[in-house]
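Novice: Attaching a single structure in structure tokens format; questions to follow.
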């Protein structure tokens, strides 16, 4: 696909994003935990040695949402980013869209108020990069995985968010976790501008619960609306199922490359 200056985005929003911190989020009920919770995740030694620590994971049973729906969601976020955390998500645009660059080379720009009244995470916008699965930091995984990360101006990984999920009767089990770099030489640019904008572990946990609770509300309906849409550059398909290689590193079963028509 020819590279262009076209920027797919999530739609209208208020600017400057940093001033939009007082919109209230909607009431929600946290999702139930899995009937058989996943054992607590353990970091691989190589990540511990590099100074990474893991934050507390959130585990959910997501009713009515399948693994295929979540795979599709991560490649089509421009269609629903504001629905994913109503009132909290402030901006979305693809820096490198999956349609043009393929899934692993994609990146998006976001700003979000994890807790109303607190500074916006990401400031005017922070780039979230899809990472190679060599960055997957845990000793165990689920069937489907995505790893996303933020880098500072020195190209050091600041933190990574890890989502994992797999199908069960009636929906899927989903786990969100993160690892944080404790040996950064400098924080990301938006934190240098506003140090209080970096989220606490508590803020991360609240936000993760909010996002997860929204998936069964909007995603089955949205997925159904798009399932027969014929243009693959607009209805981007991907399969985020993984397997473990002999060296212990995960890999995707399929390439999930750029769209070719």
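Residue numbers (the numbering used here): 239 to 499. Virtual Cβ for every residue (Gly too), placed ideally from N, Cα, C. It should be emphasised that the depicted structure is a prediction, and the values quoted were computed from it without experimental measurement.
Give me the Cα-Cα distance between residue 375 and residue 262, rounded to the nearest whole angstrom.
Specialist: Taking the straight line joining both Cα atoms gives about 34 Å.
Novice: Output yes or no for whether 8 Å exceeds the beta carbon distance between residue 488 and residue 371.
Specialist: A contact, by the Cβ cut-off of 8 Å.
Novice: State the beta-bridge partners of residue 404 as determined by DSSP.
Specialist: Note: residue 404 sits in a beta bridge opposite 411.
Novice: To the nearest angstrom, how far is it from the Cα of residue 320 to the Cα of residue 246?
Specialist: For residue 320 and residue 246, the distance between alpha carbons rounds to 14 Å.
Novice: Below 8 Å, how does it come out for the region 409-421 and the region 270-282: are there three or more Cβ pairs, yes or no?
Specialist: Output reads yes: the region 270-282 touches the region 409-421.
Novice: May I ask you to report which of helix, strand or coil DSSP gives residue 297?
Specialist: Strand, per DSSP.
Novice: Below 8 Å, how does it come out for the region 338-345 and the region 357-372: are there three or more Cβ pairs, yes or no?
Specialist: With the cut-off at 8 Å, the region 338-345 and the region 357-372 touch.
Novice: For residue 479, list the residues DSSP reports as bridge partners.
Specialist: According to DSSP, which records beta bridges pairwise, residue 479 is partnered with 382.
Novice: Can you grab the Cα-Cα spacing for the pair residue 481 / residue 381, in whole Å?
Specialist: Each residue's Cα considered, the two are about 8 Å apart.
Novice: Thinking just about the alpha-carbon of each residue, which of 362, 326, 339 is nearest to the one in residue 350?
Specialist: Among 362, 326, 339, the Cα nearest to that of residue 350 is on 326.
Novice: Closer than 8 Å is the cut-off here; do at least three beta carbon pairs connect the region 425-440 with the region 460-472?
Specialist: Taking 8 Å as the limit for Cβ pairs, the verdict is that the region 460-472 does not touch the region 425-440.
Novice: The beta strand (DSSP E) spanning residue 332 covers which residue range?
Specialist: Residue 332 -> beta strand (DSSP E) spans 327-334.
Novice: In or out: residue 485 buried (at least 16 other Cβ within 10 Å) or exposed?
Specialist: So residue 485 ends up on the exposed side.
Novice: Can you give the Cα-Cα distance for residue 379 and residue 401, rounded to whole angstroms?
Specialist: Answer to the nearest angstrom: the Cα atoms are 10 Å apart.
Novice: Can you list, in chain order, the residues of its chain with a C-beta nearer than 8 Å to that of residue 417? Leave out the 5 residues immediately preceding and following it.
Specialist: The residues are 281, 285, 290, 291, 292, 293, 375, 397, 398, 400.
Novice: Classify residue 301 as buried or exposed, calling it buried when 16 or more other Cβ atoms lie within 10 Å of its own Cβ.
Specialist: The residue in question, residue 301, is exposed, as its Cβ has fewer than 16 Cβ neighbours within 10 Å.
Novice: Starting from the C-beta of residue 450, find all residues in its chain whose C-beta is less than 6 Å away, skip the five residues before and the five after it, and write them out in chain order.
Specialist: Cβ within range, chain order: 269, 298.
Novice: Let me make sure I understand the geometry here. Which of 377, 316, 430 has the alpha-carbon closest to that of residue 279?
Specialist: The shortest C-alpha separation from residue 279 is found at 377.
Novice: Can you tell me the Cα-Cα spacing of residue 424 and residue 323, whole angstroms?
Specialist: Roughly 29 Å between the two C-alpha positions.
Novice: Roughly how many angstroms lie between the CA atoms of residue 258 and residue 408, to the nearest whole one?
Specialist: Approximately 37 Å between the Cα atoms of the pair.
Novice: Which residue comes first and which comes last in the beta strand (DSSP E) that contains residue 368?
Specialist: Per DSSP, residue 368 belongs to the beta strand (DSSP E) from 359-368.
Novice: Taking buried to mean at least 16 other C-beta atoms within 10 Å of its own C-beta, is residue 420 buried or exposed?
Specialist: So residue 420 counts as exposed.
Novice: Report yes if the CB atom of residue 361 is closer than 8 Å to the CB atom of residue 431, and no otherwise.
Specialist: Yes; because the gap between Cβ atoms is below 8 Å, this pair is in contact.
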